[in-house]
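Just below is one structure, and these are the notes that go with it.
Protein chains: 2
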Amino acid sequence: MTSSAAPITTYEDSCAAVGDGRAVREVLDRVGDKWTLLVVATLRNGRLRFSELQRHIPGISQRMLTLTVRQLERDGLVSRTVHAEVPPRVEYELTELGGTLLQLSIALGDWAIANQPRIEQARQVYDAAAAAKAG
Amino acid sequence: MTSSAAPITTYEDSCAAVGDGRAVREVLDRVGDKWTLLVVATLRNGRLRFSELQRHIPGISQRMLTLTVRQLERDGLVSRTVHAEVPPRVEYELTELGGTLLQLSIALGDWAIANQPRIEQARQVYDAAAAAKAG
DNA sequence: CGGCATCCCGACAGATACTG
DNA sequence: CAGTATCTGTCGGGATGCCG
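Same order as they appear, the protein sequences are chains L and D. Be aware that the first sequence starts at 1, since it is given in UniProt numbering, and climbs by one per residue. Be aware that the second sequence starts at 1, since it is given in UniProt numbering, and climbs by one per residue.
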């Protein structure tokens with residue numbers, strides 16, 4: 001059963017899931033690193049080759065892109081296609097499973113966009129209070 | 001506006017959001033660390049005191065719990081209440097904003113639960129292929 | 001009880017150089 | 001073009017000990 005194919009879980013199931021901790025731990029260890037979700041998001045519109053991927057993700061090094069796509073491939077979230085040409089061409093594309101992760105990435109992006117102002121404001125309030133307390 | 005209260009964004013908006021990269025980067029830097037989402041998930045049923053929180057999250061050190069709740073408090077995701085008693089009692093509770101993050105945590109947990117088997121299988125396939133290629 | 005300060009180490013990320 | 005190899009620095013995070 002996939003999360004996209006069915007309603008998945010009841011609220012209680014969800015609580016059980018996060019309550020365990022291991023599930024969240026697992027997925028965080030997997031996609032919580034610095035680049036994974038960005039690579040997934042970058043592949044949202046279809047296949048891209050290595051250099052295109054790197055151009056679309058500012059700041060990522062060749063090494064980290066290699067490691068990230070390698071892990072994504074291993075986990076079955078991204079497919080890797082090597083074309084026997086000169087110069088060589090390698091293309092990456094989200095699998096169906098990777099597409100479900102993309103949904104999460106989008107949800108995360110939405111949340112960030114929607115709530116960043118409030119968080120920023122909360123920080124300023126907190127820091128101001130801390131400064132007042134210290135000073 | 002929260003991500004749970006309204007559809008928020010069109011698909012295109014979502015793509016723009018993740019496409020930027022900074023939004024995902026921001027939220028990942030914030031909640032992508034080792035413990036944040038676990039703490040949020042643990043507070044799903046209401047307020048807990050420090051020691052209770054620590055008991056419910058296997059493996060977390062006192063130091064990391066302190067740092068995590070401090071940051072959550074600073075970001076306005078968790079409220080911290082100090083009771084003037086002996087022995088001292090400090091309670092933590094999700095704010096309304098923190099509640100919206102809980103929804104994401106649940107979604108992440110759901111995804112993990114639903115897809116862990118497939119990922120595990122993909123890994124075994126990949127590793128087997130790699131081993132065959134090497135050996 | 002709750003939390004801060006200090007020390008320390010392993011993991012991971014960046015830069016650079018080399019290869020098929 | 002698409003990697004791999006190595007070296008190096010940074011930093012998250014654990015252990016320990018002390019304070020309100």
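Using N, Cα and C, we set each Cβ at its ideal position, and we do this for glycine too.
- Cα atoms of L/Gly99 and L/Val40: separation of roughly 8 Å, rounded to the nearest angstrom.
- The Cβ atoms of L/Ala114 and D/Arg74 do not sit closer than 9 Å to each other.
- Taking a Cβ-Cβ threshold of 8 Å, the residues of chain L close to D/Glu26 are Ala112, Gln116, in chain order.
- Take the alpha-carbon of D/Leu72 and the one of D/Val78: they are about 5 Å apart.
- Chain D has a Cβ within less than 9 Å of the Cβ of L/Leu104.
- As a beta-bridge residue in DSSP terms, D/Arg80 pairs with D/Tyr92.
- Short of 7 Å from the beta carbon of D/Gln62, and not among the five residues preceding or following it, lie these beta carbons of its own chain, in chain order: Gln54.
- For L/Thr100, the C-beta contacts it makes with chain D under 9 Å involve Trp111, Ala114, Asn115, in order along the chain.
- Taken through DSSP and simplified to helix, strand or coil, L/Arg55 comes out as helix.
- Nearest CB-CB separation between L/Tyr92 and chain D: not below the 9 Å threshold.
- DSSP places L/Asp75 outside any alpha helix (DSSP H), giving it a letter other than H or E.
- Its chain contains Gly76, Leu77, Val78, Ser79 as the residues whose beta carbon lies nearer than 7 Å to that of L/Thr95, once the 5 sequence neighbours on both sides are disregarded; these appear in chain order.
- Residue D/Gly32 holds the alpha-carbon nearest to the alpha-carbon of L/Val24 among D/Arg25, D/Gly32, D/Ala23.
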